[in-house]
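One structure is given here, and the rest of the page talks about it.
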Amino acid sequence: MISSLRNSVSLLALLTLLSTASTATAEFKDGNKQLGISPGGKAAFIDYNNDGWIDLFAGQLWKNEGGKKFVPAKDSKAPGGEVIWGDFDNDGNVDVFQFTGAGSLHRNKGDGTFEAVPFPKLPTVNSRGAAWLDINNDGLLDLYVGGYEIWTQRVHPDAIFINQGGGKFAKQWQNLQYRQGAKEGNYSARGVTAGDFNEDGFVDVYVSNYRLQPNHLWQNSGKGNGKFTNVAMAVGAAGKPSQVINYTGGITYPVCGHTIGSCFGDMDNDGHLDIFVGNFAHGAAYQNRSQFLRNTGPKGKYKFEDKSAGSGLGYQESYASPALGDFDNDGDLDLFFTTVYGHNHS
Numbered sequence: 306m307i308s309s310l311r312n313s314v315s316l317l318a319l320l321t322l323l324s325t326a327s328t329a330t331a332e333f334k335d336g337n338k339q340l341g342i343s344p345g346g347k348a349a350f351i352d353y354n355n356d357g358w359i360d361l362f363a364g365q366l367w368k369n370e371g372g373k374k375f376v377p378a379k380d381s382k383a384p385g386g387e388v389i390w391g392d393f394d395n396d397g398n399v400d401v402f403q404f405t406g407a408g409s410l411h412r413n414k415g416d417g418t419f420e421a422v423p424f425p426k427l428p429t430v431n432s433r434g435a436a437w438l439d440i441n442n443d444g445l446l447d448l449y450v451g452g453y454e455i456w457t458q459r460v461h462p463d464a465i466f467i468n469q470g471g472g473k474f475a476k477q478w479q480n481l482q483y484r485q486g487a488k489e490g491n492y493s494a495r496g497v498t499a500g501d502f503n504e505d506g507f508v509d510v511y512v513s514n515y516r517l518q519p520n521h522l523w524q525n526s527g528k529g530n531g532k533f534t535n536v537a538m539a540v541g542a543a544g545k546p547s548q549v550i551n552y553t554g555g556i557t558y559p560v561c562g563h564t565i566g567s568c569f570g571d572m573d574n575d576g577h578l579d580i581f582v583g584n585f586a587h588g589a590a591y592q593n594r595s596q597f598l599r600n601t602g603p604k605g606k607y608k609f610e611d612k613s614a615g616s617g618l619g620y621q622e623s624y625a626s627p628a629l630g631d632f633d634n635d636g637d638l639d640l641f642f643t644t645v646y647g648h649n650h651s
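In terms of this note's numbering, the sequence shown has 523 at position 218, counting the first letter as 1, and numbering is strictly consecutive.
Listed below in structure tokens is the structure:
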């Protein structure tokens, strides 16, 4: 039986790094109260007004007041909710795309305010993830938007929108597997991340699918035409398939994991992009745990090896979205891993 999960939104604490010359260790503390913020939802740091101070978005936009505190940027006209940031018009100001609901694109005017600009209608009303990426290497940021689900409506496709320049976007592609009555498809995307896993100079897309569904690794054709092929199963990046399950409407697929988020990163410093997959996993053995997938590079034809067993990552049921960064500047990527349930620890 596939378990239903009601998503809860956990507050993200702003963590400040403390360090001293006399110690080689680092300590974090909760800086929310000191800095005046009460964030919620997915978070991002950006300098939206180009004043040299990093601002915060977490459910809403927070303006950095000279490193002393954050205040709500009420006059910015920035959207709330679930968003991603990128400079789609190459004017040096970071813009914002809201991927929840009907979807909306907001251009940074360069004066600390945003304005909504026309954007094609999304083929889904419930997205949980999107990514900016230059699909065709024309120097303009395009968009990949994942489609999630509404429990009684299972057809919510992913889509690609190509930046045409001049502030215009056109829908290039919609996942054709998402059709009513299909024997396979109707995947529930929870996260989207981009990286050039096969080092051909064209960015690829990894989609984190929920409901024990295989994940997608969309390989860019490399021809600049915006076309992709799902190679996840072929290169070992879809998850660990076990039994085949009969799903709603006669749909079948091999059981993998409840993936919520994933990220690309060179975790073993061999020069090739690996993938860390964050899986919400109940106790049943057939549900995939979180995975460290090592990229074998050109010698291994860019296939992925599951190195999870030796990674040192323990099991927690509600692991969610991973993030990689070298917080201690030792040359190795470190992992921050969020959880859904309050009794589990990030």
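Glycine is no exception: its CB is placed at the ideal position from the N, C-alpha and C atoms.
Small disclaimer: the values here were computed from a predicted structure and weren't measured.
Secondary structure of residue 589 (DSSP, three-state): coil. Rounded to whole angstroms, residue 624 and residue 338 show a C-alpha spacing of 26 angstroms. With respect to residue 393, residue 450 sits apart: the two C-beta atoms are not nearer than 8 angstroms. Cα atoms of residue 560 and residue 537: separation of roughly 14 angstroms, rounded to the nearest angstrom. Annotation for residue 572: 579, 638 place their beta carbon closer than 6 angstroms to its own, counting only its chain and skipping 5 residues before and after. DSSP places residue 520 outside both helix and strand once states are collapsed to three, so it counts as coil. Short of 8 angstroms from the beta carbon of residue 630, and not among the five residues preceding or following it, lie these beta carbons of its own chain, in chain order: 638, 639, 641. The beta-carbon distance between residue 585 and residue 645, rounded to whole angstroms, is 6 angstroms. This is short enough to meet the 8 angstroms contact definition. Residue 615 carries a helical assignment under DSSP once its states are collapsed to helix, strand and coil.
Looking at the DSSP output, residue 596 shares a beta bridge with 582. Remark: three or more beta-carbon pairs, one from each stretch, lie closer than 8 angstroms, so the region 424-444 and the region 404-416 are flagged as touching. Under the 8 angstroms Cβ criterion, the region 499-509 counts as touching the region 600-613, having at least three qualifying pairs.
Exclusion of the five residues before and after residue 575 leaves 602 as the residues of its chain whose Cβ lies within less than 7 angstroms of its Cβ. When only Cα atoms are considered, residue 563 and residue 516 end up about 5 angstroms apart. DSSP places residue 473 outside any alpha helix (DSSP H); the residue lies instead in the beta strand (DSSP E), whose first and last residues are 473-479. Counting of Cβ neighbours within 10 angstroms places residue 360 among the buried residues, the total reaching 16 or more. The straight-line gap separating the alpha-carbon atoms of residue 388 and residue 411 is approximately 10 angstroms. Scanning the region 407-465 from its first residue to its last, the whole beta strand (DSSP E) runs of 3-plus residues come out as 409-413, 419-422, 435-438, 447-450. Under the three-state reduction of DSSP output, residue 528 falls in the coil class, being neither helix nor strand. Take the alpha-carbon of residue 498 and the one of residue 348: they are about 15 angstroms apart. The beta carbons of residue 565 and residue 558 sit no closer together than 8 angstroms. For residue 339, the uninterrupted alpha helix (DSSP H) segment begins and ends at 337-340. Nearest to residue 649 by alpha-carbon distance, out of 608, 589, 620, 477, is 620. Within the same chain, Cβ atoms closer than 8 angstroms to the Cβ of residue 444 are found at 395, the five residues on either side in sequence being excluded. Checking the DSSP bridge columns, you'll see residue 563 partnered with 585. In this chain, residue 376 is not harboured by any alpha helix (DSSP H); it is covered by the beta strand (DSSP E) spanning 375-377. Cβ-Cβ distances below 6 angstroms link residue 362 to 349 in the same chain, with the five nearest sequence neighbours on each side left out; the list follows chain order. Spanning the alpha carbons of residue 635 and residue 540 requires a straight line of approximately 31 angstroms.
Taking C-beta separations shorter than 8 angstroms and ignoring five residues to either side along the sequence, the partners of residue 546 in its chain run 519, 538, 559, 560, 561, following chain order. Boundaries for residue 540: no beta strand (DSSP E) harbours it, while the alpha helix (DSSP H) harbouring it runs 537-540, taken from the DSSP string.
When rounded, the separation of the alpha-carbon atoms in residue 453 and residue 492 is 7 angstroms. Distance from residue 478 to residue 464 at the Cβ level is roughly 7 angstroms; contact confirmed, criterion being Cβ atoms closer than 8 angstroms. Here DSSP, grouped into helix, strand and coil, assigns residue 544 to coil.
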